[in-house]
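Novice:
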Amino acid sequence: MRPALLCKFGLPSSNQHFPTQPMTVTGTTQVFLIVGDPVARARAPEVYNHLFKRHGVDAVLVPMKVPAARLADFVPRAFDAQNVGGIWVTIPHKAGMTALMSQCDSVAQLSGAVKAVSLG
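Under this note's numbering, the letters of the sequence shown match residues 634 to 753, in that order.
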């Protein structure tokens, strides 16, 4: 039997589903977006929304399907909403996102890819 691979927060990295519990989303909830195309199979919202709930964090991670042609318009407008806490970047936008940033850390500069965006 193979040992479970653990992700950063100690949850099994397997095909198991996390228990679903009703979430309360209000105007004060911090909204984090995971932006890509496609995003239908993104597992991060399932994992992190469970962790937010479990640890009493008033936040939600929402997948957003954004075509590459719309990325440059979408990113700055997403931060117009004052409760958007950040954007997580997935395929195919990691490399394309670098051109949209006013500032990148050394890891993003070296790799030529952006994984997370926050309002500076």
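C-beta: ideal position from N, C-alpha, C; glycine also.
Values in this document were obtained by computation on a predicted structure and should not be read as measured data.
Cutting at 6 Å between CB atoms, please list the residues of its own chain near V717, excluding the five before and the five after it.
Specialist: One-based indexing of the sequence shown puts residue 717 at position 84. Cβ within range, chain order: V664 and A711.
Novice: Just the Cα atoms here: how many angstroms apart are A702 and V708?
Specialist: On the sequence shown, position 69 is the one that residue 702 refers to. On the sequence shown, position 75 is the one that residue 708 refers to. So the two alpha carbons sit approximately 12 Å from each other.
Novice: Just to confirm, is the Cβ distance from L753 to L666 under 9 Å?
Specialist: Stepping through the sequence shown from its first residue, residue 753 is reached at position 120. Stepping through the sequence shown from its first residue, residue 666 is reached at position 33. What sits at residue 753 in the sequence shown is Gly, not Leu. No.
Novice: Could you compute how far the alpha carbon of G745 sits from the alpha carbon of D706?
Specialist: Taking the first residue of the sequence shown as 1, we reach residue 745 at position 112. Taking the first residue of the sequence shown as 1, we reach residue 706 at position 73. Cα to Cα, the separation comes out at about 20 Å.
Novice: Cβ atoms of K727 and V747: under 9 Å apart, would you say?
Specialist: Here the question's residue 747 lines up with position 114 in the sequence shown. Here the question's residue 727 lines up with position 94 in the sequence shown. Cβ distance < 9 Å, so V747 and K727 count as in contact.
Novice: Would V680 and L704 qualify as a contact pair, given that the criterion is a beta-carbon distance under 9 Å?
Specialist: Locating residue 680 in the sequence shown gives position 47, where the first residue counts as 1. Locating residue 704 in the sequence shown gives position 71, where the first residue counts as 1. Against a cut-off of 9 Å, the Cβ pair of L704 and V680 comes out as no contact.
Novice: A692 and T723 - do their beta-carbons sit closer together than 9 Å?
Specialist: The residue given as residue 723 occupies position 90 in the sequence shown. The residue given as residue 692 occupies position 59 in the sequence shown. Between T723 and A692, the C-beta spacing is not below 9 Å.
Novice: Do the CB positions of P696 and A714 come within less than 9 Å of each other?
Specialist: Your numbering for residue 696 matches position 63 in the sequence shown. Your numbering for residue 714 matches position 81 in the sequence shown. No, Cβ-Cβ distance for P696 and A714 is not below 9 Å.
Novice: Below 9 Å between beta carbons: does that hold for P678 and L694?
Specialist: Sequence index remark: in the sequence shown, residue 678 carries index 45 (1-based). Sequence index remark: in the sequence shown, residue 694 carries index 61 (1-based). A contact, by the Cβ cut-off of 9 Å.
Novice: Which runs of the alpha helix (DSSP H), 4 residues or longer, sit entirely within the region 710-745?
Specialist: Counting only runs of 4 or more, we get 739-744.
Novice: DSSP three-state label for A692, please.
Specialist: For the purposes of this step, residue 692 is taken as the residue at position 59 of the sequence shown. A692 falls in the strand class under three-state DSSP.
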